[in-house]
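Visitor: Dropping the structure in here first, questions after.
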Amino acid sequence: MSTKCIIIDDEPLAINVIKNYLQQIKGFEVTKTFSNALEVLDFLKSEQIDVMFLDINMPLFDGLSFVKALNDPPLIIVTTAYTEFAVETYELNVLDYLVKPIEFPRFIKAINKVEHKLRKTTTMNQNNNIRKHLFIKIDKKKMKKIYLDEILTVESLKDYLRINTTTGKYIIHSTLSDFTALLPKHNFIRIHRSYTIAIDKIDVVEGNSVEIEGLRYVIGRSYLEEVKSKILNQ
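Quick note on numbering: the sequence shown equals residues 323 to 556 in the working numbering.
See the structure below:
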């Protein structure tokens, strides 16, 4: 299975450099390229992407503002001619920061980080098949144990999540992708860029939505086929 990438840069030459580098690396594919970040917002609503190569200095919508606008971004590698944004980008959980002109050996180091991160996520998914509970940080000093069989839904609130359980609601600082990776894949499924749900808590499936505890949740277009297949085969 290929690692899906998109490239966002207003310079065609810069796009071609990254595109050519990726073509030399087995297991990576360029799904699409963009000349401005605004075009990407709608694209990410319907497509699942693993890695985003993002320029910072672009017209209309700069790279940093774009990242801040995303609820649950893929892995991000910044590609820029400027060094002064490095600290700010790392505060936004950017995986790596590449300064143009980008040499191939340095690019490979960034790819190694991507592969390590994706392997770690896969291992976590495998280990979590036997997990019955987890601890979440609900304030600076307090960790709360929640049982997985009590979770109803997990909702993305930009930089935070709302975990809805049968015993209460909790707000934590995390991304939906990272938290979903902690959950057993056979019990939970992501149905939208903003929601992950517990499969056994679904009461009704109707069209492109599910109902849990009287609340309706729309299934995102790119998730619909997988969600229906997984739900109906259980």
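Quick reminder that beta carbons are idealized off the backbone N, C-alpha and C, glycines included.
1) Determine which residues share a DSSP beta bridge with residue 419 and list them.
2) Should residue 544 and residue 538 be called a contact, given that it needs their Cβ atoms to be closer than 8 Å?
3) Looking at the structure shown, is residue 391 part of a helix, part of a strand, or coil, going by DSSP?
4) Between the alpha carbons of residue 343 and residue 432, how many angstroms are there, rounded?
5) Pick helix, strand or coil for residue 414, following the three-state DSSP scheme.
6) Please state if the CB of residue 355 and the CB of residue 378 are separated by a distance shorter than 8 Å.
7) Per DSSP, which one or two residues make a beta bridge with residue 520?
8) On the DSSP bridge assignment, give the partners of residue 486 in chain order.
9) Taking the straight line between their C-alpha atoms, what separation do you get for residue 401 and residue 332?
10) Is it right to say residue 363 is buried, meaning 16 or more other beta carbons lie within 10 angstroms of its own, or is it exposed?
11) How many whole angstroms separate the CB atoms of residue 394 and residue 499, which I take to be in contact at a CB cut-off of 8 Å?
12) Would you kindly work out how many angstroms separate the C-alpha atoms of residue 389 and residue 410, rounded to a whole number?
13) Spell out a yes or no on whether the segment 513-528 and the segment 467-484 are touching, meaning 3 or more CB-CB pairs, one atom from each, closer than 8 Å.
14) Where DSSP assigns a beta bridge to residue 466, which residues make up the other side?
15) DSSP beta-bridge partners for residue 344?
Guide: Result, derived from the coordinates:
1) Within the sequence shown, the letter at position 97 stands for residue 419. DSSP output for residue 419 lists 400 as bridge partner(s).
2) Stepping through the sequence shown from its first residue, residue 544 is reached at position 222. Stepping through the sequence shown from its first residue, residue 538 is reached at position 216. Contact: no.
3) In the sequence shown, the residue the question calls residue 391 occupies position 69. Helix, per DSSP.
4) Position 21 of the sequence shown holds residue 343. Position 110 of the sequence shown holds residue 432. Near 12 Å, if we compare the C-alpha coordinates of residue 432 and residue 343.
5) Within the sequence shown, the letter at position 92 stands for residue 414. DSSP places residue 414 in the coil class of the three-state scheme, outside both helix and strand.
6) Counting from 1 along the sequence shown, the entry for residue 378 is found at position 56. Counting from 1 along the sequence shown, the entry for residue 355 is found at position 33. With a cutoff of 8 Å on beta-carbon distance, residue 378 and residue 355 are scored as not near each other.
7) The sequence position of residue 520 within the sequence shown is 198, counting from 1. Note: residue 520 sits in a beta bridge opposite 510.
8) If you number the sequence shown from 1, residue 486 lands on position 164. In DSSP, residue 486 forms a bridge with 475, 491.
9) Taking the sequence shown and counting its residues from 1, the one referred to as residue 401 is at position 79. Taking the sequence shown and counting its residues from 1, the one referred to as residue 332 is at position 10. When rounded, the distance between both Cα atoms is 11 Å.
10) Against the sequence shown, residue 363 aligns to sequence position 41. Residue 363 counts as exposed, since fewer than 16 other C-beta atoms from the protein chains shown sit within 10 angstroms of its C-beta.
11) Reading the sequence shown from its first residue, position 72 is the one you call residue 394. Reading the sequence shown from its first residue, position 177 is the one you call residue 499. Confirmed, about 6 Å.
12) Taking the sequence shown and counting its residues from 1, the one referred to as residue 389 is at position 67. Taking the sequence shown and counting its residues from 1, the one referred to as residue 410 is at position 88. Those two C-alpha atoms are separated by around 11 Å.
13) With the cut-off at 8 Å, the segment 513-528 and the segment 467-484 touch.
14) By 1-based counting over the sequence shown, the position of residue 466 is 144. According to DSSP, residue 466 bridges with 458.
15) Along the sequence shown, one-based indexing puts residue 344 at 22. DSSP lists no bridge partner for residue 344.
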